[in-house]
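A.B. asks: First the structure, which I've put down as structure tokens, then a few questions once you've had a look.
Residue numbers (our numbering): 4 to 496.
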């Protein structure tokens, strides 16, 4: 065969004991790459090791059996930006393949490799690295490997080894949005995919597996949050919107051929351009698919009329990066455009429209002290969202925060699993006032404090989703994560 694209499997390491409650999502970008290559007469196969629960050795055996001309390891999490935490799993897969079939060339692709191309080439057992979006470039690399056509130095964003030294062309190419195809769903084990547990509140979770998919309506993000690394993948903050006809055709396929009922819109910010979103909602309302959809919005991009239309279109959940209850801390990461009163007003407006709120918060922002983290937790309790994600602030490669820390010579973790929020090795940077252990300990305390003895929260859940939803949440949140950092008494000094 020609090209084999691999999504590594490291769910248990990345999510710790919470892995059984995490979503298993289709590898959207592997699917897009596959479609793009197939349209150009490249034979393609996708091996989703995560969905199929394959070990690195299983993957290597499959590669040996299939004998592809080129292997691509796609390093993305459930979002492009969740890439660094997947690097350990990607590295193990590359090592296993090289041990078994060392002559087959491997390239690696994803946000983390794009952010640290030279280091990735030095550390990983790979032959090539594709920086950026890379659709055209992956096909060019395949033609070079398969047929000897073209020159490596002419392929934009390609890194390779010349006499043992990593060299590369740092230029990036962004594909015209109209040339980016729908993913090759037929190459994925669609029967294996499952939504997040909170996405299924009030639903029969046993019937949801195999009825979940993801899609993008836009690529990129215009905002400048210092903790975010998304611009590393696209090389700019330009946002490109897919033609709505293209999106509707994609949804038609998912609904009619794959019987999808649950859908995630994986845009960095779905509710961004009001005119575009409104037109998209009109089309969804016209089709009346009966889908349960969720996507990302911002506190400053929604209004009452749009929210009502979103609900009619099937958007049941909106996720907001509220991040902090401290204006000082928000200003410090270039996200201080609104205050807590605005947050409370918008959350109430979203709920009144019949849409459920997923609220994301961060502890240990650079300017955080204990009072700031307490303010964040207090804001969360006050707005009482239907679901929460509590994160510790990380200096992800590709973010401005990472660049500043590296410039200042600060020490960051060498083990990429330390960047995984739920892992045993999780190691936040800490803030100006708090140690990494203090931040992590507060995050873990706050998470359990929210879900334990919270009558107001569970009363809201029972009213909206039923008693079984309360039982499900209590079961999924009662476990305690083990943390290496908190087991070491020296970390508390």
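Backbone N, C-alpha and C fix where the C-beta goes; we use that ideal spot for every residue, glycine too. As the structure is a prediction and not an experimental result, all values here were calculated from the model.
Is the separation between the beta-carbon of residue 485 and that of residue 427 shorter than 8 Å?
C.D. replies: Contact: yes.
A.B. asks: Measuring only the C-alpha atoms, how far is residue 362 from residue 180?
C.D. replies: Computed Cα separation, rounded: 30 Å.
A.B. asks: Spell out whether any CB of chain C is found under 8 Å from the CB atom of residue 181.
C.D. replies: Reference to chain C is not applicable here, since this structure consists of a single protein chain.
A.B. asks: Which partner residues does residue 221 have in the DSSP bridge list?
C.D. replies: DSSP lists 244 as partners of residue 221.
A.B. asks: Beta carbon of residue 351, beta carbon of residue 338: below 8 Å?
C.D. replies: Cβ distance not < 8 Å, so residue 351 and residue 338 don't count as in contact.
A.B. asks: Check this for me: beta carbons of residue 292 and residue 317, under 8 Å apart or not?
C.D. replies: In contact: residue 292 and residue 317 (Cβ atoms closer than 8 Å).
A.B. asks: Within the same chain, show all residues whose beta-carbon is closer than 6 Å to that of residue 195, passing over the 5 residues directly before and after it, in chain order.
C.D. replies: Once the five neighbours on either side are set aside, the close Cβ partners of residue 195 are 54.
A.B. asks: Can you give me the start and stop residues for the alpha helix (DSSP H) that residue 22 sits inside?
C.D. replies: Residue 22 -> no alpha helix (DSSP H), and no H or E assigned at all.
A.B. asks: At 4 residues or longer, what runs of the alpha helix (DSSP H) sit wholly inside the stretch 314-379?
C.D. replies: Segments of the alpha helix (DSSP H) lying fully in the stretch 314-379: 330-335 and 343-355.
A.B. asks: Go ahead and pull the three-state DSSP assignment for residue 305.
C.D. replies: Three-state DSSP puts residue 305 in coil, outside helix and strand.
A.B. asks: What are the boundary residues of the beta strand (DSSP E) that includes residue 109?
C.D. replies: Element bounds for residue 109: 109-113.
A.B. asks: Under 8 Å by Cβ, that's how I've got residue 40 and residue 145 pegged, so tell me the actual separation to the nearest angstrom.
C.D. replies: Sure, about 7 Å apart at Cβ, within 8 Å.
A.B. asks: In chain order, what are the residue ranges of uninterrupted alpha helix (DSSP H) at least 4 long that sit wholly in the stretch 385-433?
C.D. replies: For the stretch 385-433, whole alpha helix (DSSP H) runs of length 4 or above, ordered along the chain, are 403-410.
A.B. asks: Which of the three DSSP states is assigned to residue 216 in this structure?
C.D. replies: Note: residue 216 maps to strand in three-state DSSP.
A.B. asks: List the whole-angstrom C-beta distance separating residue 140 from residue 176, where the pair is believed to meet the contact cut-off of C-beta under 8 Å.
C.D. replies: Rounded, the Cβ-Cβ distance is 7 Å, consistent with contact.
A.B. asks: Below 8 Å CB to CB, which residues in the same chain sit around residue 356 once its five sequence neighbours on both sides are set aside?
C.D. replies: For residue 356, where only same-chain residues beyond five positions count, the Cβ hits under 8 Å are 307, 310, 311, 313 and 314.
A.B. asks: Can you name the residues that DSSP bridges to residue 10?
C.D. replies: Answer by DSSP bridge pairing, in chain order: 51.
A.B. asks: Nearest by alpha-carbon distance to residue 118: which of 18, 43, 234 and 97 is it?
C.D. replies: Ranking 18, 43, 234 and 97 by Cα distance to residue 118 puts 234 first.
A.B. asks: Using the rule of at least 16 other Cβ atoms within 10 Å of the residue's Cβ for burial, across every protein chain shown, is residue 106 buried or exposed?
C.D. replies: So residue 106 counts as exposed.
A.B. asks: Suppose the cutoff is 7 Å on Cβ atoms and the five residues either side in sequence are ignored; what does the same chain contact list for residue 262 look like?
C.D. replies: The residues are 214.
A.B. asks: Buried or exposed: which applies to residue 414, given that a residue is buried once 16 or more other Cβ atoms fall within 10 Å of its Cβ?
C.D. replies: Result: exposed.
A.B. asks: Mind the definition here: the stretch 469-487 touches the stretch 201-214 only if three or more C-beta pairs lie below 8 Å; say whether that holds.
C.D. replies: At 8 Å Cβ cutoff, the stretches touch.
A.B. asks: Between which residues of its own chain and residue 282 is the CB-CB distance below 7 Å, once the five residues before and five after are set aside?
C.D. replies: Counting only Cβ-Cβ distances below 7 Å, and skipping sequence neighbours, we find 247.
A.B. asks: Using the Cβ count rule (16 or more neighbours within 10 Å means buried), how would you classify residue 216?
C.D. replies: Counting Cβ neighbours within 10 Å, residue 216 comes out buried, since at least 16 surround it.
A.B. asks: Between which two residues does the alpha helix (DSSP H) harbouring residue 272 extend?
C.D. replies: From DSSP, residue 272 is part of no alpha helix (DSSP H); its letter is neither H nor E.
A.B. asks: Do residue 43 and residue 30 have their C-beta atoms closer together than 8 Å?
C.D. replies: No, the pair does not count as a contact, with Cβ atoms beyond the cut-off.
A.B. asks: Give me the Cα-Cα distance between residue 422 and residue 289, rounded to the nearest whole angstrom.
C.D. replies: In a straight line, the C-alpha of residue 422 is about 43 Å away from that of residue 289.
A.B. asks: Please name the residue or residues paired with residue 296 in a DSSP beta bridge.
C.D. replies: DSSP lists 266 and 318 as partners of residue 296.
A.B. asks: If you draw a straight line from the C-alpha of residue 387 to the C-alpha of residue 347, how long is it?
C.D. replies: About 10 Å.
A.B. asks: On the CB-based measure, 16 or more other CB atoms within 10 Å of its CB, does residue 420 come out buried or exposed?
C.D. replies: By the neighbour-count rule (16 or more Cβ atoms within 10 Å), residue 420 is buried.
A.B. asks: Leaving aside the five residues before and after residue 342 along the sequence, list all residues of the same chain whose C-beta is less than 8 Å from its C-beta, in chain order.
C.D. replies: Taken in chain order, the residues that qualify are 330.
A.B. asks: Quick one: using the 10 Å Cβ neighbour count with 16 as the cut-off for buried, is residue 210 buried or exposed?
C.D. replies: By the neighbour-count rule (16 or more Cβ atoms within 10 Å), residue 210 is not buried but exposed.
A.B. asks: Cα-Cα, which of 205, 226, 225 and 197 is closest to residue 212?
C.D. replies: The residue with the shortest Cα to Cα distance from residue 212 is 197.
A.B. asks: Give the C-beta separation of residue 147 and residue 153 to the nearest angstrom, bearing in mind that I take them to be a contact with Cβ-Cβ under 8 Å.
C.D. replies: Indeed, because the Cβ distance is near 5 Å, the residues count as touching under 8 Å.
A.B. asks: Whole angstroms are fine: how far does the CA of residue 226 sit from the CA of residue 239?
C.D. replies: In a straight line, the C-alpha of residue 239 is about 10 Å away from that of residue 226.
A.B. asks: Just to confirm the assignment, what range does the alpha helix (DSSP H) spanning residue 66 have?
C.D. replies: 59-69 is the extent of the alpha helix (DSSP H) around residue 66.
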